[in-house]
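Report on the structure given below.
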Amino acid sequence: MDTLSYKTISANKATVNKQWVLVDAEGQALGRLASKVAKLLRGKHKPNFTPHVDCGDNVIVINAEKISLSGNKWNDKTYIRHTGYPGGQRSLTATELFGKDPARVVEKSVKGMLPKNKLGASLFRNLNVVVGPTHTHEAQKPKTINLNEFK
1 MDTLSYKTIS ANKATVNKQW VLVDAEGQAL GRLASKVAKL LRGKHKPNFT PHVDCGDNVI
61 VINAEKISLS GNKWNDKTYI RHTGYPGGQR SLTATELFGK DPARVVEKSV KGMLPKNKLG
121 ASLFRNLNVV VGPTHTHEAQ KPKTINLNEF K
């Protein structure tokens with residue numbers, strides 16, 4: 001008797017095929033860029049997606065200094081941190097953080113869209129954000145993805 005097998009295939013470290021992906025941030029809105037990059041890092045675009053396994057791709061984001069924010073977000077959006085001491089709350093606007101390091105604006109946005117656990121921390125290590133058009137990962141031969149065509 002020939003029957004169909006309906007077994008659910010669950011990915012693990014041995015069966016996952018990770019690729020290197022290159023994303024150009026030029027002219028992209030920050031939030032939309034970050035959500036698509038987070039989806040690539042997580043692996044949700046793959047048919048063998050498994051929630052508890054790092055099955056996403058390694059992502060390189062270039063031209064981080066050319067992102068855009070809509071409305072008054074450059075002045076109104078604040079990034080808050082705490083030093084650990086009483087009264088130690090510090091904040092920066094998006095313009096101030098962008099002036100210090102444009103890559104950190106993209107990194108913070110993507111990190112906020114990843115899981116808040118050990119898996120999210122390991123997924124975040126697969127992200128490389130670069131200011132400018134050149135990166136140091138040419139040896140990995142990354143595949144360029146157009147985010148306007150990516151769902």
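Positions 1 to 151 (full-length UniProt numbering) are the ones given, in order, by the sequence shown. For glycine and all other residues, C-beta sits at the position ideal for the given N, C-alpha and C.
Return the Cβ separation of N48 and C55 in integer angstroms, given the expectation that the two are a contact with Cβ distance under 8 Å.
Sequence index remark: in the sequence shown, residue 48 carries index 48 (1-based). Sequence index remark: in the sequence shown, residue 55 carries index 55 (1-based). Indeed, because the Cβ distance is near 7 Å, the residues count as touching under 8 Å.
Compute the Euclidean distance between the alpha carbons of S10 and H52, then round it to the nearest angstrom.
Within the sequence shown, numbered from 1, the residue matching residue 10 stands at position 10. Within the sequence shown, numbered from 1, the residue matching residue 52 stands at position 52. Looking at the two C-alpha atoms, the distance is approximately 10 Å.
Determine whether the beta carbon atoms of D57 and K111 lie at a separation below 8 Å.
Counted from its first residue, the sequence shown places residue 57 at position 57. Counted from its first residue, the sequence shown places residue 111 at position 111. No, the pair does not count as a contact, with Cβ atoms beyond the cut-off.
With H, G and I counted as helix, E and B as strand and the rest as coil, what does DSSP make of D101?
Position 101 of the sequence shown, counted from the start, is the residue given in the question as residue 101. Correct three-state label for D101: coil.
Which residue spans inside the segment 8-70 form an unbroken alpha helix (DSSP H) run of at least 4?
30-42
For N117, name the three-state secondary structure that DSSP assigns.
Translated into the one-based positions of the sequence shown, residue 117 becomes position 117. It is coil, neither helix nor strand.
Can you give me the C-alpha to C-alpha distance between E65 and N12, rounded to a whole angstrom?
On the sequence shown, position 65 is the one that residue 65 refers to. On the sequence shown, position 12 is the one that residue 12 refers to. Taking the straight line joining both Cα atoms gives about 36 Å.
Which value, in whole angstroms, describes the spacing of the CA atoms of L43 and N75?
Along the sequence shown, read from residue 1 onward, the residue named residue 43 stands at position 43. Along the sequence shown, read from residue 1 onward, the residue named residue 75 stands at position 75. Per the sequence shown, residue 43 should be read as Gly rather than Leu. Each residue's alpha carbon lies about 33 Å from the other.
Could you name the residues of the same chain whose beta carbon sits closer than 7 Å to that of T144, not counting the 5 residues immediately before and after it, in chain order?
The sequence position of residue 144 within the sequence shown is 144, counting from 1. Excluding positions up to five away in sequence, the list reads L22.
Distance between Q140 and L92 (C-alpha atoms, nearest Å):
Position 92 of the sequence shown holds residue 92. Position 140 of the sequence shown holds residue 140. C-alpha separation (whole angstroms): 35 Å.
Our contact map puts L114 next to L41 with C-beta atoms below 8 Å; I'd like the distance itself, whole angstroms only.
Here residue 114 corresponds to residue number 114 of the sequence shown, with the count starting at 1. Here residue 41 corresponds to residue number 41 of the sequence shown, with the count starting at 1. At roughly 7 Å, the Cβ-Cβ gap stays under 8 Å, so L114 and L41 are in contact.
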